[in-house]
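Here is the structure we will look at, set down as structure tokens.
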Amino acid sequence: MSAVSAEVIGGDERASPRPEPCVIVIFGATGDLTGRKLAPALYNLMLDDLLPEPCVIIGVAREPMTTATFADHVLRRVSEHSRREVDPARWERFAAKLDYVAGEFATAATYDALAERLAAADSRCGGNRLFYFATPPAVFPMLIENLAAHKLIERRPVDARPACRVIVEKPFGRDLGSATALNDLIAKHLDENQIFRIDHYLGKETVQNILVLRFGNSIFEPLWNRNHVDHVEITAAESIGIEGRGAFYESTGVIRDVVQNHLLQVLSLVAMEVPASFSADDIRDEKIQVLRSIRRLHVEDVAANAIRGQYRGYRDEAGVAKDSTTATYAALRVMIDDWRWQGVPFFLRAGKHLAERVTEVAIHFKSVPLVLFKHEAAGEVLQPAVLTLRIQPEEGISLRFVAKVPGDRIAIGNVVMSMAYADAFHRPISEAYERLLLDCMRGDATLYPRRDSVDRAWQLMDPILHAWDGAPGVPIYEPGSAGPVEADALIAVHGDTWRPLTKAP
Ligand code: BG6
Numbered sequence: 155m156s157a158v159s160a161e162v163i164g165g166d167e168r169a170s171p172r173p174e175p176c177v178i179v180i181f182g183a184t185g186d187l188t189g190r191k192l193a194p195a196l197y198n199l200m201l202d203d204l205l206p207e208p209c210v211i212i213g214v215a216r217e218p219m220t221t222a223t224f225a226d227h228v229l230r231r232v233s234e235h236s237r238r239e240v241d242p243a244r245w246e247r248f249a250a251k252l253d254y255v256a257g258e259f260a261t262a263a264t265y266d267a268l269a270e271r272l273a274a275a276d277s278r279c280g281g282n283r284l285f286y287f288a289t290p291p292a293v294f295p296m297l298i299e300n301l302a303a304h305k306l307i308e309r310r311p312v313d314a315r316p317a318c319r320v321i322v323e324k325p326f327g328r329d330l331g332s333a334t335a336l337n338d339l340i341a342k343h344l345d346e347n348q349i350f351r352i353d354h355y356l357g358k359e360t361v362q363n364i365l366v367l368r369f370g371n372s373i374f375e376p377l378w379n380r381n382h383v384d385h386v387e388i389t390a391a392e393s394i395g396i397e398g399r400g401a402f403y404e405s406t407g408v409i410r411d412v413v414q415n416h417l418l419q420v421l422s423l424v425a426m427e428v429p430a431s432f433s434a435d436d437i438r439d440e441k442i443q444v445l446r447s448i449r450r451l452h453v454e455d456v457a458a459n460a461i462r463g464q465y466r467g468y469r470d471e472a473g474v475a476k477d478s479t480t481a482t483y484a485a486l487r488v489m490i491d492d493w494r495w496q497g498v499p500f501f502l503r504a505g506k507h508l509a510e511r512v513t514e515v516a517i518h519f520k521s522v523p524l525v526l527f528k529h530e531a532a533g534e535v536l537q538p539a540v541l542t543l544r545i546q547p548e549e550g551i552s553l554r555f556v557a558k559v560p561g562d563r564i565a566i567g568n569v570v571m572s573m574a575y576a577d578a579f580h581r582p583i584s585e586a587y588e589r590l591l592l593d594c595m596r597g598d599a600t601l602y603p604r605r606d607s608v609d610r611a612w613q614l615m616d617p618i619l620h621a622w623d624g625a626p627g628v629p630i631y632e633p634g635s636a637g638p639v640e641a642d643a644l645i646a647v648h649g650d651t652w653r654p655l656t657k658a659p
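So the mapping is simple: the working numbering equals the position in the sequence shown, first residue as 1, plus 154.
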């Protein structure tokens, strides 16, 4: 079964006007993130007439390059990673917006050179500035201090013009202590309305659709609670490994890389109460409420509620210690102590080098109270209904339920009804970074985590990090498998098994 028709009934943001003119300064302009995500996102925004006009994009990085060689470098990366092909004429328009400053992030001369370029760009762009920290996290404090010392950023109240905004990449800190220190440092120089802590999962269409599905339809909300839901599974499985990022991953691991941020953000959207409105703060108020209600583990509870794993061969990757204990896989049981979810376990799992790339949220409903069709199920186990929100790669929604098999007797079978975004709306899904850059330029922080939620997420993860960091005995799993067998016991205690890692609905 599949959805056959869809119509856009309003709120089509792609029809909204471009943001005001703006200068975008990218620190780490020759790095992987800029090449893979930021530059392709900006190019695609231009193709959709959503990049500000005028707009100047100043790259800052250590590599000595001219603006022309920087533009060639960006062209190569955009050609590799853009979701649409690069068109030579339009590329020229994009390349004309690029500028480049070469220099060390620790050196005053870099900021002096940047100040000169900014002055020229400001006169064209009305002084609106967006700084993007696409560097390793260790550099963030240095960037903030230097930008403030050179008066390139300054505190502004909400809606003040010209705008001065900063996007900080993840991971935002390594634990609660370091995140607090970073937040305090930034807060010395900027107001909370100017700080955009990015979590690209929140820019994914399918993640945003969690709220539309829940609060735009009256059929789901009455069932969305402990009376009807048995358990929830949130999976972010990747088939790729660490892709040459050995040094980064060694000091990060799966909890800091994707669980503290992406998975907990998705969980809060799935579990939150109805917000008073769709404004940034009303939504973020409800999300933080979920995180506050999550039961905190003590270090001694970690073994029973969190399982780690490392793929075989990880220790042979460049930049990784031969005796590394870094986890590349994690499975967690999370309990939310509020009225809606009391007693409903949320099982989270994420890992590298698993059987399939699949990110999904599966809402497992309770079994019927009395199975009337025991004999008719003819060997099939009568399975409770499951609603699956397929975040990626086959974006869509599926509902599994039982139905009568056609014939002269009552035979029961499981069926799946499925909606695929690609078929339903016949329009391409834009990249998360496009949406998030656009929102930041418009000053809309709805899809950016607020300080309180980042702090609380670290508070929840800290006991797990304390229990795991440097501790020997990490279970090893085979690349291409479903993860360590030890994780099966976590969900088996509840009488269940993990969903198979498959793209298919
Ligand atoms: C990033 C992590 O935040 O998310 C990567 O640092 C991970 O390790 C990536 O591969 C996954 O993002 P996506 O959008 O491909 O699911």
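Glycine is no exception: its CB is placed at the ideal position from the N, C-alpha and C atoms. Computed from a prediction, not measured in an experiment: that's the story for all the values here.
Item                                                                                                                                                                                : Value
Would the region 579-589 count as touching the region 318-332 if we require 3 or more Cβ pairs under 8 Å?                                                                           : no
Compute every distance between the C-beta of residue 464 and the non-hydrogen atoms of ligand 1, then say whether any falls below 7 Å.                                              : no
Note down, in chain order, each residue of its chain lying with its Cβ closer than 7 Å to the Cβ of residue 608, except the 5 sequence neighbours on either side.                   : 326, 333, 351
Just to confirm my understanding: we take residue 173, look at its own chain, exclude 5 residues before and 5 after, and list those with CB closer than 7 Å. What are they?         : 206, 592, 595, 596
For ligand 1, is there a heavy atom less than 7 Å away from the beta-carbon of residue 513?                                                                                         : yes
Quick one: grab the DSSP three-state call for residue 389.                                                                                                                          : strand
With respect to the beta strand (DSSP E) encompassing residue 476, which residues constitute its N-terminal and C-terminal limits?                                                  : Note, residue 476: premise wrong, no beta strand (DSSP E); not H, not E.
Can you list, in chain order, the residues of its chain whose CB lies under 7 Å from that of residue 473, leaving out five sequence neighbours each side?                           : 400, 401, 404
Cβ of residue 507 within 7 Å of any heavy atom in ligand 1?                                                                                                                         : no
So, at 6 Å on beta carbons, what are the nonlocal neighbours of residue 190 in its own chain, with the 5 sequence-adjacent residues on each side left out?                          : 235
Count the C-beta pairs between the region 184-201 and the region 293-305 that are closer than 8 Å, then say yes if the count reaches three, no if not.                              : no
Between residue 463 and residue 482, is the Cβ-Cβ spacing less than 8 Å?                                                                                                            : yes
Spatial neighbours of residue 475 within its chain, please: CB distance less than 8 Å, with the 5 preceding and 5 following residues excluded, ordered by chain position.           : 404, 469
Please state whether the Cβ-Cβ distance between residue 287 and residue 322 is less than 8 Å.                                                                                       : yes
Helix, strand or coil, according to DSSP, for residue 157 in the structure here?                                                                                                    : Since pLDDT at residue 157 reaches only 46, below the 50 mark, its modelled position is unreliable, and no value is offered.
Let me make sure I understand the geometry here. Which of 440, 461, 448 has the alpha-carbon closest to that of residue 408?                                                        : 461
Taking all protein chains shown into account, do 16 or more other C-beta atoms lie within 10 angstroms of the C-beta of residue 223, making it buried, or fewer, making it exposed? : exposed
Whole angstroms is fine: what's the gap from residue 515's alpha carbon to residue 444's?                                                                                           : 17 Å
Given the structure, does residue 411 come close to ligand 1, in the sense that its CB is under 7 Å from one of the ligand's heavy atoms?                                           : yes
What residue does the beta strand (DSSP E) around residue 456 start on, and which one ends it?                                                                                      : Residue 456 -> not in any beta strand (DSSP E); alpha helix (DSSP H) instead, spanning 456-459.
Which term fits residue 336, buried or exposed, when burial requires 16 or more other beta carbons within 10 angstroms of its beta carbon?                                          : buried
Under the three-state reduction of DSSP, which class applies to residue 167: helix, strand or coil?                                                                                 : Its pLDDT being 48, under 50, residue 167 is placed unreliably in this model, and the value from its coordinates should be taken loosely. It is helical.
Taking all protein chains shown into account, decide if residue 496 is buried (16 or more other Cβ within 10 angstroms of its Cβ) or exposed.                                       : exposed
Using the C-alpha atoms, what's the distance from residue 628 back to residue 641?                                                                                                  : 12 Å
Would you check whether ligand 1 has a heavy atom nearer than 7 Å to the C-beta of residue 354?                                                                                     : yes
Would you say residue 499 reaches chain C, if we count a Cβ-Cβ gap shorter than 8 Å as a contact?                                                                                   : The displayed structure is made up of one protein chain only, and chain C is not part of it.
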